[in-house]
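Each residue of the sequence shown is one higher than the one before, starting from 1 at the first, in the UniProt record's numbering.
We put the beta carbon where it would ideally sit given N, CA and C, even for glycine.
Computed from a predicted model, the values in this text were never measured in an experiment.
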Amino acid sequence: MMTLNHLNLSVRDVTEAKNFFETYFDFRVLEEKDRPPLTVMIDEGNFVLTVSRLTSEKPVYPKGFHVGFFQPDQAHVWKLYHKLQTGGFAPREPGPVHGSFGFYLEALGGVLIEVSCWE
Numbered sequence: 001m002m003t004l005n006h007l008n009l010s011v012r013d014v015t016e017a018k019n020f021f022e023t024y025f026d027f028r029v030l031e032e033k034d035r036p037p038l039t040v041m042i043d044e045g046n047f048v049l050t051v052s053r054l055t056s057e058k059p060v061y062p063k064g065f066h067v068g069f070f071q072p073d074q075a076h077v078w079k080l081y082h083k084l085q086t087g088g089f090a091p092r093e094p095g096p097v098h099g100s101f102g103f104y105l106e107a108l109g110g111v112l113i114e115v116s117c118w119e
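See below:
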């Protein structure tokens, strides 16, 4: 079985992205580099997320591209929704999302984030 366990996400501000994923999605830093600016992080499930700025151009993602975080249930979805709101973000209100329950949030200069559960 193949498991997707690593993603490099190009962002406009590596420090902002690092703080976002640490604060809201429980990633922890494994390594940071200045040139090119990048941070390697890991979550409790051993998924490795690298946030980087490898060029001076602003990253542009295709329509529909998003990063998703599945939660165990609706209570966890609502908890993260409120935490993001308290942090100054404006996520869409949770509701039905393609057969699941969750919400979308645009953050980090244009990265679409999905938070949902299979209830």
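Query raised in the report: Should P91 be labelled buried (16 or more other beta-carbon atoms within 10 Å of its own) or exposed?
Result: Your numbering for residue 91 matches position 91 in the sequence shown. Around the beta carbon of P91, 16 or more other beta carbons sit within 10 angstroms, so the residue counts as buried.
Query - Within the stretch 43 to 69, ranges of the beta strand (DSSP E) (whole runs, at least 3 residues) - result: Qualifying beta strand (DSSP E) stretches, in chain order: 48 to 52.
Report task. Consult DSSP for V14 and reduce its assignment to one of helix, strand or coil. Result -> For this step, residue 14 is matched to residue 14 along the sequence shown. In the displayed model, V14 falls within a helix according to three-state DSSP.
Query - Span of the beta strand (DSSP E), counted from its first residue to its last, around L105 - result: In the sequence shown, residue 105 corresponds to position 105, counting from 1. DSSP places L105 inside the beta strand (DSSP E), whose first and last residues are S100 to A107.
Requested in this report: Please report the residue range of the beta strand (DSSP E) in which L30 lies.
Outcome: As a position in the sequence shown, residue 30 is number 30, starting the count at 1. Under the DSSP assignment, L30 falls in the beta strand (DSSP E) whose first and last residues are R28 to K33.
Query - Option nearest H76 by Cα separation, candidates S10, E16, F25 and L7 - result: Within the sequence shown, the letter at position 76 stands for residue 76. By alpha-carbon distance to H76, the top candidate from S10, E16, F25 and L7 is F25.
**Report entry** Among L108, S116 and C117, the one whose alpha carbon lies nearest that of D13
**Finding:** The count along the sequence shown starts at 1 and reaches residue 13 at position 13. Restricting attention to L108, S116 and C117, the CA atom closest to the CA of D13 is found in L108.
Report task. Leaving aside the five residues before and after W78 along the sequence, list all residues of the same chain whose C-beta is less than 8 Å from its C-beta, in chain order. Result -> The residue labelled residue 78 in the question sits at position 78 within the sequence shown. Excluding sequence neighbours, W78 sits near P94.
Query raised in the report: When the Cα atoms are used, what is the spatial distance from L84 to M1?
Result: Translated into positions along the sequence shown, residue 84 becomes position 84. Translated into positions along the sequence shown, residue 1 becomes position 1. Roughly 34 Å between the two C-alpha positions.
Query raised in the report: Sorted by chain position, which residues of the same chain lie with C-beta nearer than 8 Å to F20's C-beta, five sequence neighbours on each side aside?
Result: Taking the first residue of the sequence shown as 1, we reach residue 20 at position 20. Excluding sequence neighbours, F20 sits near A107 and L108.
**Report entry** Reduced DSSP secondary structure (H/G/I, E/B, other) of E119
**Finding:** If you number the sequence shown from 1, residue 119 lands on position 119. The three-state secondary structure of E119, taken from DSSP, is coil.
Requested in this report: Please go through the same chain and pick out, in chain order, the residues whose beta-carbon is closer than 6 Å to the beta-carbon of L54, but skip the five residues on each side of it.
Outcome: By 1-based counting over the sequence shown, the position of residue 54 is 54. Closer than 6 Å at the Cβ level, and outside the excluded window around L54, lie P36.
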